[in-house]
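Residue numbering for the sequence shown follows my numbering, beginning at 352 and increasing consecutively.
Report on the following structure.
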Amino acid sequence: MQPILFQLGPLTVRYYGLMYVTALLVAIALLRYDAKRYALSPERMVDLAFYTFLAGIIGGRLYYVVLRWDYYGANLLKIFAIWEGGMAIHGGLIGGLLGIWWFARLIKVPALRLADMVAPTASLGHAFGRFGNFMNGDAHGYPLRSQWLPEWLRHFPDWMGVTFPLSSPAGRQFGNTLLHPVMLYELVLNVLGFCLLWGVRKRPVFASVPGRLVGLYFIYYAAVRSFTSLFRADDLYIGPFRAPHAISVVMVLIGLGLLWRRGRTPAA
């Protein structure tokens, strides 16, 4: 694994950035494909994807920087070095939702309706991002038999472990030790999440009430991240708590609230 795909003169193409661009293009294609089902213009979907993506990038970076201010406060220029990694999915979700809300007001469409459209693409886009993390050697896991892992998570075969270059964040922290490829765990689970959301999106129970599909996404991803965080060596913290675990509780509560929503009662 190495972060650079190729260099052409002064141009450096990194896997991390390439995965973000790929995620955006795939999201545009899927949103355009589904636009007519929501009675929306396919051309508008390019704008929706762009604004959601941009707001998600800003939110993800700000969230990460705030929770790592001990480092970035002393290295202010590093705040802008997003190609080195340092994004937080929960901040990205908050930023993306704000982008959806703003765009919904702009085109006068219910925000939850747009959020339902974006939910499957968010899960798939996150999978692309995790491959970028894998090539970067960040968002990495603990050693296979780490003392920090619960006893029941210490019995994995060596073939499941990965060593990262010493120049990567994982390599600098753990050297040549076999680590959990937690980015790949989450990649697979996010692809499964996309398949779930894409598969149920047309079912009446989800299609009839705006917000239910994104509610399902919140609950699913909260479960995924709560599990994969058990393996993460570089998680952010809010006080004594892992930030993903704390935020996942909020996501589940919001998700349940959205799933519980009722459709409009027809007039008598």
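Ideal Cβ placement from N, Cα and C applies to all residues, glycine included.
All figures in this text were calculated on a predicted structure; none of them were measured in a lab.
Distance check between Lys553 and each of Leu399, Pro354, Asp467, Tyr423 places Asp467 closest, using alpha-carbon atoms only. One thing to note: Met370 has its Cβ no nearer than 8 Å to the Cβ of Arg383. In its chain, beyond the 5 residues on either side, Asp467, Val556, Phe557, Leu609, Leu610, Arg612 have a beta carbon closer than 8 Å to the beta carbon of Arg563. In the assembly as shown, Gly446 is a buried residue. Its beta-carbon has 16 or more other beta-carbons within 10 Å. For Phe357, the pairing in a beta bridge is given by DSSP as Val364.
The DSSP assignment places complete alpha helix (DSSP H) segments of no fewer than 4 residues inside the segment 497-573 at 520-525, 533-551, 555-558, in order along the chain.
Straight-line measurement puts the Cα of Phe431 at about 15 Å from the Cα of Ala406. With contacts defined as CB atoms closer than 8 Å, Leu517 and Gly526 qualify as a contacting pair. Between Tyr572 and Leu548 a beta carbon distance of about 10 Å is seen, past the 8 Å cut, so the two are scored as non-contacting.
For Arg419, there is no enclosing alpha helix (DSSP H), since its DSSP letter is neither H nor E. Between Asp398 and His491, the C-beta gap is not smaller than 8 Å, which leaves the two residues out of contact. Rounded to the nearest angstrom, the gap between the Cα atoms of Phe578 and Leu540 is 10 Å. Comparing alpha carbon positions, the residue from Phe545, Val542, Trp499, Leu495 closest to Thr528 is Leu495. DSSP, read as helix, strand or coil, puts Pro591 in coil.
In the DSSP assignment, the residues bridged to Pro494 are Leu530. Collapsing the DSSP output to three states places Arg583 in a strand. Taking all protein chains shown into account, Ile458 has fewer than 16 neighbouring C-beta atoms within 10 Å of its C-beta and is therefore exposed. Short of 8 Å from the beta carbon of Leu504, and not among the five residues preceding or following it, lie these beta carbons of its own chain, in chain order: Leu581, Phe582. Ranked by how close their Cα comes to the Cα of Ile605, the residues Gly476, Ile409, Leu463 have Leu463 in first place.
A check of alpha carbon separations from Trp499 across Arg481, His531, Gly450 identifies His531 as the nearest.
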